[in-house]
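Following: one structure in structure tokens, then a few remarks.
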Amino acid sequence: MKKATDTQIFALLFVLAVGLFFLIYFLPLKNVNEEIDSLEAQNSTLRSEVSELQIYHDNRAQYETDTEVLKKEIGSILTSYPSEYKTEDYVMEAVAIEKAADKKLLFKSINIGDPTVLATVAATDLSAAGLEDFKTDVEFTCNEIDYNNRVNYPGLKLALERIFASDYKMNVKQITYQNEDGILEGVIKVGYYYAKGNGREYNFPEIPEYEAGTTNIFIGGNLMVVNPDELANEEQ
């Protein structure tokens, strides 16, 4: 019985030794294999990223050239707008419109609205893009001006032609008129656009000299009544 017991004990010890060897060697090896698999997966991702970076590196010169071109284009757009408008701009543009209408339009009043910020480009974004010339936020702004006037049909056409040809960044937002026997009385609403904070120097509009004491710098006078049907026949 003792020999059988010793055999059992040795067998048990052998199994125990094998078990310990497995635990000591194979289980850590399993963990290592899992780690290897994980690293290989990471390496595969890294190899893909390295390949992309290699493409960027190989085309670096072209990318740098394209970036400089884009920076100049963005800077040009930002500085193509005036940095601000003043009351003088709105008034002198009215004078120019009335003059272009060839005495066929008379302004009654000009109503200047409050500026509305349409969009803002943060200075931090401009700096991150390499546009260091812009030190503050750039705010794209619109100021709506109501030009209250009396005009006949030919005068309205000439006035709109002048607005569309103006050097100002402006457009016609709304036209509202009532027809009174061939004379239109109402409002031309014009939007003036500018980029506040773009660093562009403000230039005052040219203001021609006029006789001291004159209370009305506009043309003044009476409008010629024009039948729109007759005007259409003349244009044909």
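Going by my numbering, the first residue of the sequence shown is number 631, and it counts up by one from there. Note that the Cβ used here is the ideal one computed from N, Cα and C, for glycine as well.
First through last residue of the beta strand (DSSP E) which encompasses residue i
i: T806; result: M800 to E810
Residue span of the alpha helix (DSSP H) that contains residue i, given as start and end
i: I740; result: It is not in any alpha helix (DSSP H) - I740 instead sits in the beta strand (DSSP E) that spans L735 to I742.
i: R690; result: R690 to T709
i: K716; result: Premise fails: K716 is in no alpha helix (DSSP H) and is neither H nor E.
For residue i, three-class secondary structure by DSSP
i: A749; result: strand
i: E831; result: coil
i: A726; result: helix
i: E682; result: helix
i: A671; result: helix
Residue i Cβ short of 7 Å to the ligand ZN heavy atom set
i: D763; result: Summarising the ligand content, the structure contains no ligands, and the ligand ZN is consequently not present.
(message) Which runs of the alpha helix (DSSP H) at least 4 residues long sit entirely within the segment 753-827? Give them in chain order.
(response) 753-758 and 783-795
(message) Does the contact criterion of 3 or more C-beta pairs under 8 Å hold for the segment 726-740 versus the segment 775-786?
(response) yes
(message) For the structure I just gave you, are there three or more beta carbon pairs, one from the segment 797-811 and one from the segment 749-762, closer than 8 Å?
(response) no
(message) With three or more beta-carbon pairs closer than 8 Å as the criterion, would you say the segment 708-717 touches the segment 763-774?
(response) yes
(request) Decide yes or no for the touch test of the segment 671-686 against the segment 781-791: beta carbon pairs closer than 8 Å, at least 3 of them. (result) no
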